[in-house]
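Novice: Would you mind keeping the following structure in view while I ask a few things?
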Amino acid sequence: MRQDHLISATDLSREDIEAVLDHAAEIDANPAAYRQQHAGKVLGLCFFEPSTRTRMSFDTAMKRLGGQTVDMGPVESSSVKKGETLADTVRVVEGYADGLVLRHPSEGAAQMASEFVDVPLINAGDGAGQHPSQTLLDLYTIRENAGLDDLTIGIMGDLKYGRTVHSLAEALTNFDARQHFISPESLRLPRNVRYDLHASGSQVKEHTELDEVLPKLDVLYVTRIQRERFPDENEYRKVAGEYQIDAETLEAASDDLTIMHPLPRVDEISPDIDDTDHATYFEQAHNGVPVRMALLDILLSQDR
Amino acid sequence: MTENHELRVSKIQNGTVIDHVAGGQALNVLAILGIDGTSGETVSVGMNVPSDRLGRKDIVKVEGRELSQSEVDVLSLIAPAASINIVRDYEVVEKNRVVRPDVVSGIISCPNTNCITNADEPIEARFTVLSDGVRCEYCDSIVREDEVAANLTVN
Ligand SMILES: [Zn+2]
Numbered sequence: 001m002r003q004d005h006l007i008s009a010t011d012l013s014r015e016d017i018e019a020v021l022d023h024a025a026e027i028d029a030n031p032a033a034y035r036q037q038h039a040g041k042v043l044g045l046c047f048f049e050p051s052t053r054t055r056m057s058f059d060t061a062m063k064r065l066g067g068q069t070v071d072m073g074p075v076e077s078s079s080v081k082k083g084e085t086l087a088d089t090v091r092v093v094e095g096y097a098d099g100l101v102l103r104h105p106s107e108g109a110a111q112m113a114s115e116f117v118d119v120p121l122i123n124a125g126d127g128a129g130q131h132p133s134q135t136l137l138d139l140y141t142i143r144e145n146a147g148l149d150d151l152t153i154g155i156m157g158d159l160k161y162g163r164t165v166h167s168l169a170e171a172l173t174n175f176d177a178r179q180h181f182i183s184p185e186s187l188r189l190p191r192n193v194r195y196d197l198h199a200s201g202s203q204v205k206e207h208t209e210l211d212e213v214l215p216k217l218d219v220l221y222v223t224r225i226q227r228e229r230f231p232d233e234n235e236y237r238k239v240a241g242e243y244q245i246d247a248e249t250l251e252a253a254s255d256d257l258t259i260m261h262p263l264p265r266v267d268e269i270s271p272d273i274d275d276t277d278h279a280t281y282f283e284q285a286h287n288g289v290p291v292r293m294a295l296l297d298i299l300l301s302q303d304r
Numbered sequence: 305m306t307e308n309h310e311l312r313v314s315k316i317q318n319g320t321v322i323d324h325v326a327g328g329q330a331l332n333v334l335a336i337l338g339i340d341g342t343s344g345e346t347v348s349v350g351m352n353v354p355s356d357r358l359g360r361k362d363i364v365k366v367e368g369r370e371l372s373q374s375e376v377d378v379l380s381l382i383a384p385a386a387s388i389n390i391v392r393d394y395e396v397v398e399k400n401r402v403v404r405p406d407v408v409s410g411i412i413s414c415p416n417t418n419c420i421t422n423a424d425e426p427i428e429a430r431f432t433v434l435s436d437g438v439r440c441e442y443c444d445s446i447v448r449e450d451e452v453a454a455n456l457t458v459n
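Protein sequences appear in the order of chains A and B.
Our numbering applies: residue 1 is where the first sequence begins, and numbers increase by one.
Our numbering applies: residue 305 is where the second sequence begins, and numbers increase by one.
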């Protein structure tokens, strides 16, 4: 990779992405070979916002590379509560660790933090901004199931606040992918993401109804529409139902359709899909470990 | 003819004349320069003066002050056609067109209230300049040209 940090999917070239995915595949095929790869190294987990899954996934990945993790614990009990700046916190934790993983509720937090530290820093989600390590595992899953070229993908749900969507859409501009975005009008992609997609010359279409595009999709990436995004409950109910899928919805889909979701889901994917060949979301979640192992291995192995 | 209209705004002895500002932007120019009338500078403003080049233009004359590069940089975002004339002893000694910089910092704040630059951190907002606006280097928010004035930190 071109830099020591992973802040945004826009920083990733096709070569960077392929390097991580290829390495993840090697690790996946022979995890035992990497058991002592980073023995003696420590990864600092700075989660300013609760995220059990992403945190556990990084924790597991580091331990499977032979390393250890330190954790600042819940924000309520930390010095952050006492008013310490993020810039100070990461400079302190940098002293304990060989790399940092940051999850923070403010957009741009990872970019700022990376300007204050010399160890590699991975953005594990900054507000409604970016979540690039999730994108790498999403791309790994897409590559395994549908391939990354000549791909028709539908991305559906909360596209405005969904950071996994922003990262994925930006990363897909590196590939021959036709992207269809399906959302209520009020939850369309933010201006900056649309700007980048347009600037990249990618094939992008926006829709409000899934049935307009479902039959031609290779992959349908579903995200959760959060109740708290809507000022009033009725508005939420009106749209939420439109974006739920079940076995009946999929009658119009290709037999090869791959359905993904960054999880946790609530009711946007009916459990009657779980046992079908379409369901790929649990596999997607499991891919988090080898992909994050690959990412950590690359970043922690660079000559400093 | 131009001469005639120029007379509506008095000549200055030493300072800067910012000419060819798009009509209606003069007060934003003053905001960028941090001029609110309280520091005693002599300032003349002409608004919506007829102009061959712009149809209607604004003109700002500031006595006793030459602009810094960062001020000129941000000026270029709201007044891309502006010329900056340095006046000494009633004569224009230097005439420069503004040039759009690659990056501006410190003068525009990010409109995204959840952006880290609006939190209490030891950084200032920094923007990449696009063809038709600027983009926050932290949260990626895009501020279009016509929205720049509303996001000046001095407002
Ligand atoms: Zn910002």
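Heads up, the beta-carbon is just placed ideally off N, CA and C, and yes, glycines get one too.
Note that the coordinates shown come from a computational prediction; the quantities given were computed from them, not determined experimentally.
Per DSSP, what are the beta-bridge partners of Ser409 of chain B in this structure?
Specialist: Note: Ser409 of chain B sits in a beta bridge opposite B:Arg430.
Novice: Leaving out five residues before and five after Leu158 of chain A in sequence, what residues of the same chain have Cβ atoms less than 8 Å from its Cβ?
Specialist: For the record, residue 158 of chain A in the displayed sequence is Asp; it is not Leu. Only Val165, Ser183, Leu187, Thr223, Arg224, Ile225, Gln226, Arg229 meet the Cβ criterion.
Novice: Does DSSP put Val438 of chain B in a helix, a strand or coil?
Specialist: strand
Novice: For ligand 1, any of its heavy atoms closer than 6 Å to the Cβ of Thr432 of chain B?
Specialist: no
Novice: Please list the segments of the beta strand (DSSP E) lying wholly inside the segment 349-381 of chain B, counting only runs of 3 or more residues, in order along the chain.
Specialist: 359-367
Novice: According to DSSP, is Ser200 of chain A part of a helix, a strand, or is it coil?
Specialist: helix
Novice: Measuring only between beta-carbons, confirm whether Gly127 of chain A sits less than 7 Å from chain B.
Specialist: yes
Novice: Tell me whether Pro290 of chain A is buried or exposed, calling it buried when 16 or more other Cβ atoms sit within 10 Å of its Cβ.
Specialist: buried
Novice: Pull out every residue of the segment 183-196 of chain A whose Cβ sits closer than 7 Å to any Cβ of chain B, in chain order.
Specialist: Arg191, Asn192, Tyr195
Novice: Can you say whether Ser413 of chain B is buried or exposed, counting buried as having 16 or more other CB atoms within 10 angstroms of its CB?
Specialist: buried
Novice: Chain A beta carbons: is any one of them nearer than 7 Å to that of Pro468 of chain B?
Specialist: No information on residue 468 of chain B is available, as it lies outside the stretch 305 to 459 that chain B covers here.
Novice: Taking 6 Å as the limit, tell me which residues put their C-beta closer than that to any heavy atom of ligand 1, in chain order.
Specialist: A:Gly108, B:Cys414, B:Asn416, B:Cys419, B:Thr421, B:Cys440, B:Tyr442, B:Cys443, B:Ser445
Novice: Are Ala97 of chain A and Gly44 of chain A closer than 7 Å when you measure CB to CB?
Specialist: yes
Novice: Closest to Gly368 of chain B by C-alpha separation, out of B:Glu449, B:Val447, B:Val438, B:Gln317, would be which residue?
Specialist: Closest by C-alpha distance to Gly368 of chain B, out of B:Glu449, B:Val447, B:Val438, B:Gln317, is B:Gln317.
Novice: Please list, in chain order, the chain B residues whose beta carbon lies closer than 9 Å to that of Gly162 of chain A.
Specialist: Result: empty, since nearest Cβ-Cβ is about 14 Å, beyond 9 Å.
Novice: Consult DSSP for Asn400 of chain B and reduce its assignment to one of helix, strand or coil.
Specialist: strand
Novice: Please report the residue range of the beta strand (DSSP E) in which Thr141 of chain A lies.
Specialist: From DSSP, Thr141 of chain A is part of no beta strand (DSSP E) but of the alpha helix (DSSP H) over 132-145.
Novice: Is the shortest distance between the beta-carbon of Thr85 of chain A and the beta-carbons of chain B less than 7 Å?
Specialist: yes
Novice: Are the C-beta atoms of Ile420 of chain B and some chain A residue less than 7 Å apart?
Specialist: Chain A, which has a Cβ nearer than 7 Å to the Cβ of Ile420 of chain B, makes this yes.
Novice: Assess contact between the segment 389-408 of chain B and the segment 340-357 of chain B, defined as three or more Cβ pairs (one per stretch) separated by less than 8 Å. Is contact present?
Specialist: no
Novice: Would you say Glu107 of chain A lies against chain B (beta-carbon separation less than 7 Å)?
Specialist: yes
Novice: Am I right that Val313 of chain A and Val90 of chain A are in contact with their C-beta atoms under 8 Å? What's the rounded C-beta distance?
Specialist: Chain A is shown only over 1 to 304; residue 313 of chain A falls outside these bounds and no answer can be derived.
Novice: If we count the other Cβ atoms within 10 Å of its Cβ and call it buried at 16 or more, is Ser343 of chain B buried or exposed?
Specialist: exposed
Novice: Note down, in chain order, each residue of its chain lying with its Cβ closer than 7 Å to the Cβ of Pro105 of chain A, except the 5 sequence neighbours on either side.
Specialist: Counting only Cβ-Cβ distances below 7 Å, and skipping sequence neighbours, we find Phe48, Glu49, Gly127.
Novice: Just tell me which of A:Gly147, A:Leu121, A:Ile245 has its CA closest to the CA of Ala279 of chain A.
Specialist: A:Ile245
Novice: Check whether the Cβ of Met112 of chain A lies closer than 7 Å to any Cβ atom in chain B.
Specialist: Closer than 7 Å: yes.
Novice: Tell me which residue opens and which closes the alpha helix (DSSP H) that Ile322 of chain B is part of.
Specialist: That residue, Ile322 of chain B, is in no alpha helix (DSSP H); its beta strand (DSSP E) goes 319-326.
Novice: Over the uninterrupted alpha helix (DSSP H) stretch that includes His166 of chain A, give me the two end residues.
Specialist: 163-172
Novice: Using a Cβ-Cβ distance under 7 Å, would Tyr442 of chain B count as near chain A?
Specialist: yes
Novice: Quick one: does Arg265 of chain A have its CB under 7 Å from some CB of chain B?
Specialist: no
Novice: By DSSP, does Ile420 of chain B sit in helix, in strand, or in coil?
Specialist: Residue state, collapsed to three classes: helix.
Novice: Classify Ser254 of chain A as helix, strand or coil using the three-state DSSP reduction.
Specialist: coil
Novice: Can you check whether the C-beta of Ile339 of chain B is within less than 7 Å of a C-beta belonging to chain D?
Specialist: Of the chains in the structure shown, none is chain D; the protein chains are A and B.
Novice: Does Ala423 of chain B have its Cβ less than 7 Å from a Cβ in chain A?
Specialist: yes
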